[in-house]
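Engineer:
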Amino acid sequence: MKALSLNNKYVNLYITTLLFCALFALGSVLYTGFFSGQVLLNMFIDNAFLIITAIGMTFVLIIGGIDISIGAVIALICMLSAYLLEVWHLGPLVVIPAMLIVGAVFGLVQGIFIHYFKIQPFIVTLAGMFLARGLCYVISIDTVLITDPFYQFMATYRIPLPFNSFISVSVLIALAAIAAAYYILNYTRFGRTAYAIGGNEQSALLMGLPVARTKVLIYTLNGFCSALAGIVFSFYMLSGYGLHAVGLEMDAIASVVIGGTPLTGGIGFVTGTLFGVLIQGVIQTLIMFQGTLSSWWTKIAIAFLLCVFIVLQRLIVARKESRKSLA
Amino acid sequence: MTGGSGFTFLEYPIHHDFSPEGKVPVMSSILTAKGICKYFPGVKALQNVDFELQAGEIHCLMGENGAGKSTLIKVLTGVEVSDAGEVCLERKKIAPSSPQQAQQLGISTVYQEVNLCLNLSVAENIFIGREPRKYCGIDWKEINRRSRVLLANMNLDIDVTQPLGRYSVAIQQMVAIARALDISAKVLILDEPTSSLDATEVNKLFEVMQKLKQQGLGIIFVTHFIEQVYAVSDRITILRNGELVGVYDTAALPRVQLIAKMMGKAFDGFEASIKKTAAGSEAEEHAGFLAVRGLGCRGSISPFDLEVNNGEVLGIVGLLGSGRTELARIIFGIDRADSGEVLIKGQKVKLVCPADAIRHGLAYCPENRKTEGIIDTLSVRENIILALQAKRGWGKYIPRKKQEEIANKYVNLLRIKTAGLEQLVGNLSGGNQQKVILARWLITMPSLLILDEPTRGIDVGTKAEIQKLIRALAAEGMAVIFISSELDESIRCCDRMAVLRDRSKIAELSGQEIEEQVIMQTIAGV
Ligand SMILES: Nc1ncnc2c1ncn2[C@@H]1O[C@H](COP(=O)(O)OP(=O)(O)OP(=O)(O)O)[C@@H](O)[C@H]1O
Ligand SMILES: [Mg+2]
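Protein chains in written order, with our numbering: chain U, 1 to 327; chain L, 1001 to 1526.
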């Protein structure tokens, strides 16, 4: 019984990992050519930006917050990079750091509103979402293509790996982001304070933890992650357009939740988030191989998964509550 | 503490060597507060209060529920900002604006109620914010090792890597204390740290406090247990209705006077016996209400038999972790029993969830008010009416007038200190929140009322009132199961007692056996 409840927290993480393996195995059995390293690596290549932004979202959900502005921020970053590169003719060495700063500041301001003015994060980031989308159209209502040679290079360059497979630079960035997030969450005070805030903000405050700073920094970090995702996305799309990444915030939230991080905060795993994204990737790939289904079936499958997972989380919590005060 | 006397409920080792002749070295004040005022809407929580703490003393802060003790502590530690007055630490004016700052200045605090994160591990709760590091990250091994040592010093042997939420309130309270003790500080503040602890744990805590006092720490200690005050403190500051009554040497202030000064009037509540003595009418009145045969749940409590009769108060006594709460939970259907049966008025019934139990006339007032009882964002009236409304069904709305009438009656009866019926319960003092919960279950007039630590954190005067009330309810024919870690309280209230040890029922006492010495021996098994 003890071992069972010990694992409660990780149940979703295990299920997600197993489900991913099962779906991958299913594809391998059904379709020839599915079972290859490259199919797996392609999931990373196609979803690198989603991985990065979902990591930022994991932090936000751990403290029990939410951020629905990230899709719009990604669009804004794409548009702004395109504009600065193509119209102002600035170099990537200037544009990329500037974009990261813009994203971080955007997050910082939202964080300040959320913490110091005590406004619901949903409301603040809803406003942020409208603002960022609006700004896209202020810059341009049309698609702005990126012709910068560095961006072109990043879009097409493939890092060769053994066995004839390859990855893109974006994948490396995503993997680095995962490693960094894992370290921050498990081995730094900042990360642990995030879990404490998610557990009970009032208690965290009374324990003498820097609640205000941590909360604001988490939204800043999330802004930074969405800017990084925006840059990776612009490598992928090579354009800025006001309708880029519409609804991406929901994909990110779904990935995080499927990865075992509940919306109530206090619990969360980056590795779970990675598998949350990859599950979406594997469903996409399955549908691609199947060939006749519309790609919207991915969304339907995700909707189904989300339902299952949220119900599962509720059941676990309910069971835990009825078990309390053992010991 | 010596192992043999580990089970005394009342006698704490008396260490203080205070003598008016001045054997004690001249002490310097370490923390002072002058003219502190704090107002909340409709409440003057503190009015012009002075407070002085010396290095190397244990200073008790006393007062009835809602007197302003916790508020003063919150002002001293930067949780609340005072409306007037100033605070000095070692003669330097300080104005901490957050508990973090106060901690950095050298004030370590255990606030009332457990303020820890239940999702984090026990070890992390002790060390978060000041984790030992290795290479460039948190050293988890070291955290777990040191936590084990710290808890072992308090005679607590638990798995420190488990989430804190899996343990009982008492253990959570111990963890909170361990955390505060380990923060090297100049001032240690403990706001009702002992409310859910047993004598053994309390003694251990006192031992540590004495050691820290010797090292020159100033300790502020809040409690409603008069015995503990005399066992450990050097001086007492008394507050009443947010105003300072005075500062006294503990040795020079008799108990009766202490209580009188807290209440603002003479107190004789504990003198008279409240148990009815008319033994003649027992036979017909004491019809059995609930009978339990071999009820048990593996890992929680071993199978036990129990009978509760109408018109009697059955006490459940035992040490911390002996299964008192588990027994109540299993009867009320919160925990699933895996063996045994329950009979109500001779009829076999199945109680698999609390709703079943409520339908059969049971009510359960849980021990952990913060997580299982109070709804912070509802008003006093709404919190009191809740269970009654639920019992009547949501379709039969109790008219507002009637609600106010009932709520008002119990606010007066239990002396709930509130700015009004519409005050949010979250704004009440800890003891007053407890009274609200109690009122909620009392008004449902159940046939069997299970009270788990009903007087935790409640002041002496009201405690006596509540005990009287419980006896009065029993006299009207209600059956009551009374769980308390305070032995003298159980002795005063109970007609019979079931004694628990190591999660099983070992004995039942009644009549003449309900006496301190006998109970203690039964618990200890000698
Ligand atoms: N945030 C708040 N808003 C309104 N009133 C408050 C607030 N906090 C405390 N009070 C009021 O201030 C008074 C003093 O409360 P405090 O918590 O200091 O009492 P206490 O002496 O600690 O009592 P107890 O022994 O029950 O813990 C109470 O009447 C309480 O209702
Ligand atoms: Mg208090």
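Using N, Cα and C, we set each Cβ at its ideal position, and we do this for glycine too. Remember, predicted model here, so these are calculated numbers, not experimental data.
My output table needs one value for LEU19 of chain U: the three-state DSSP class, helix, strand or coil.
Structural biologist: Helix, per DSSP.
Engineer: Measure the Cβ-Cβ separation of ALA1328 of chain L and ILE1481 of chain L and say whether it is below 8 Å.
Structural biologist: Yes, they are a contact pair.
Engineer: For GLY201 of chain U, collect the residues of the same chain with a Cβ closer than 7 Å to its Cβ; drop the 5 residues on either side in sequence, then sort them by chain order.
Structural biologist: Correcting the residue identity first, residue 201 of chain U is Glu in this sequence and not Gly. Counting only Cβ-Cβ distances below 7 Å, and skipping sequence neighbours, we find VAL211.
Engineer: Using a threshold of 8 Å, state whether the C-beta atoms of GLN1434 of chain L and SER1379 of chain L are closer than that.
Structural biologist: The answer is no: Cβ separation not under 8 Å.
Engineer: Grab me the residues of ASP1338 of chain L's own chain with a C-beta within less than 8 Å of its C-beta, minus the 5 sequence neighbours each way, in chain order.
Structural biologist: Counting only Cβ-Cβ distances below 8 Å, and skipping sequence neighbours, we find GLY1296, CYS1297 and ARG1298.
Engineer: Locate the alpha helix (DSSP H) running through PHE289 of chain U, then write down its first and last residues.
Structural biologist: Taken as a continuous stretch (DSSP letters only), the alpha helix (DSSP H) holding PHE289 of chain U covers 270–290.
Engineer: Can you give the Cα-Cα distance for ASN1368 of chain L and LEU1089 of chain L, rounded to whole angstroms?
Structural biologist: Each residue's Cα considered, the two are about 35 Å apart.
Engineer: Determine the extent of the alpha helix (DSSP H) in which ASP46 of chain U is found, giving its start and end residues.
Structural biologist: Where ASP46 of chain U is concerned, the enclosing alpha helix (DSSP H) stretches over 37–62.
Engineer: Quick one: give me the first and last residue of the beta strand (DSSP E) that ILE123 of chain U is part of.
Structural biologist: Segment 121–139 is the alpha helix (DSSP H) holding ILE123 of chain U; no beta strand (DSSP E) there.
Engineer: When the distance is taken between beta carbons, is ILE1036 of chain L closer than 8 Å to VAL1075 of chain L?
Structural biologist: Against a cut-off of 8 Å, the Cβ pair of ILE1036 of chain L and VAL1075 of chain L comes out as a contact.
Engineer: Measuring straight from C-alpha to C-alpha, what distance separates PHE190 of chain U and LEU30 of chain U?
Structural biologist: PHE190 of chain U and LEU30 of chain U: Cα-Cα distance of roughly 46 Å.
Engineer: In chain U, which residues lie less than 7 Å from GLN1103 of chain L when you measure between Cβ atoms?
Structural biologist: Per Cβ cutoff of 7 Å: GLY208.
Engineer: At the 8 Å Cβ level, is TYR1111 of chain L part of the contact set with chain U, yes or no?
Structural biologist: Judged by the 8 Å Cβ criterion, TYR1111 of chain L is in contact with chain U.
Engineer: Within a Cβ cutoff of 7 Å, which residues of the same chain sit near GLU1011 of chain L, ignoring the five residues on either side of it in sequence?
Structural biologist: Reliability fails at GLU1011 of chain L, whose pLDDT of 40 lies under 50, so the model's placement of it is uncertain and the value that follows must be treated cautiously. If we look at GLU1011 of chain L and ignore the five residues flanking it on each side, it has no Cβ neighbours.
Engineer: CB of GLY1430 of chain L to nearest heavy atom of ligand 2: below 7 Å?
Structural biologist: Correct: GLY1430 of chain L has its Cβ closer than 7 Å to ligand 2.
Engineer: Establish whether the CB of THR188 of chain U and some CB of chain L are separated by less than 8 Å.
Structural biologist: Yes, its Cβ sits closer than 8 Å to a Cβ of chain L.
Engineer: Does SER203 of chain U get closer than 8 Å to chain L when you measure Cβ to Cβ?
Structural biologist: At least one chain L Cβ lies under 8 Å of SER203 of chain U.
Engineer: Does the beta carbon of PRO1041 of chain L fall short of 7 Å from some heavy atom of ligand 3?
Structural biologist: Here the bound small molecules are ligand 1 and ligand 2; ligand 3 is not part of this structure.
Engineer: Does any CB atom of chain U fall closer than 8 Å to the CB of GLN1172 of chain L?
Structural biologist: No, its Cβ sits nowhere closer than 8 Å to a Cβ of chain U.
Engineer: If we cut at 8 Å on Cβ distances, does TYR183 of chain U have a partner in chain L?
Structural biologist: Closer than 8 Å to some Cβ of chain L, the Cβ of TYR183 of chain U qualifies, so yes.
Engineer: Helix, strand or coil for GLN1531 of chain L per DSSP?
Structural biologist: With chain L covering 1001 to 1526 only, the question about residue 1531 of chain L has no answer from this structure.
Engineer: Hey, quick one: how far does the alpha helix (DSSP H) through ALA212 of chain U stretch, first residue to last?
Structural biologist: Start and end: 211–237.
Engineer: Within 8 Å (strictly less), CB to CB, does TYR14 of chain U reach chain L?
Structural biologist: TYR14 of chain U does not count as touching chain L.
Engineer: Which residues mark the beginning and the end of the beta strand (DSSP E) in which ILE1058 of chain L is found?
Structural biologist: First-last of the beta strand (DSSP E) with ILE1058 of chain L: 1058–1062.
Engineer: Would DSSP call GLU1489 of chain L helix, strand or coil?
Structural biologist: Residue state, collapsed to three classes: helix.
Engineer: Looking only at its own chain, which residues have a Cβ that is under 6 Å from the Cβ of GLY1022 of chain L, when we skip the five neighbours before and after it?
Structural biologist: For GLY1022 of chain L, the pLDDT reaches just 40, beneath the cut-off of 50, and the residue's location in the model is therefore unreliable, although a value from the coordinates is still provided. Hits under 6 Å: none found.
Engineer: What's the gap between the Cα of PHE20 of chain U and the Cα of ILE159 of chain U?
Structural biologist: When rounded, the distance between both Cα atoms is 25 Å.
Engineer: In three-state terms, what does DSSP make of PRO1366 of chain L?
Structural biologist: If DSSP states are grouped into helix, strand and coil, PRO1366 of chain L belongs with coil.
Engineer: Between GLY64 of chain U and THR264 of chain U, how many whole angstroms is the CB-CB distance? I'm expecting something under 8 Å.
Structural biologist: Confirmed, Cβ separation roughly 6 Å.
Engineer: Would VAL1149 of chain L pass as an interface residue toward chain U - the criterion being a Cβ-Cβ separation below 8 Å?
Structural biologist: Cβ-Cβ to chain U under 8 Å: no for VAL1149 of chain L.
Engineer: If we define contact as Cβ-Cβ less than 8 Å, is CYS1493 of chain L a contact residue for chain U?
Structural biologist: Not one chain U Cβ lies under 8 Å of CYS1493 of chain L.
Engineer: Mind listing which residues of the stretch 1114–1126 of chain L have their C-beta closer than 9 Å to chain U's C-betas, in chain order?
Structural biologist: Listed by position along the chain: VAL1114, ASN1115, LEU1116, CYS1117, LEU1118, ASN1119, LEU1120, GLU1124 and ASN1125.
Engineer: For ASP1459 of chain L and GLY1430 of chain L, which I take to be in contact (beta-carbon distance under 8 Å), what is that distance rounded to the nearest angstrom?
Structural biologist: With 8 Å as the limit, ASP1459 of chain L and GLY1430 of chain L do not qualify as a contact, their Cβ atoms being about 11 Å apart.
Engineer: Helix or strand or just coil, what does DSSP make of ARG314 of chain U?
Structural biologist: Residue state, collapsed to three classes: helix.
Engineer: With distances taken from CA atoms, which of L:ARG1091, L:ILE1358 and L:GLN1047 is nearest ALA1084 of chain L?
Structural biologist: The shortest Cα separation from ALA1084 of chain L among L:ARG1091, L:ILE1358 and L:GLN1047 belongs to L:GLN1047.
Engineer: Could you work out which residues of chain L lie near GLY198 of chain U, taking near to mean beta carbons separated by less than 8 Å?
Structural biologist: Here the neighbours are ASN1119.
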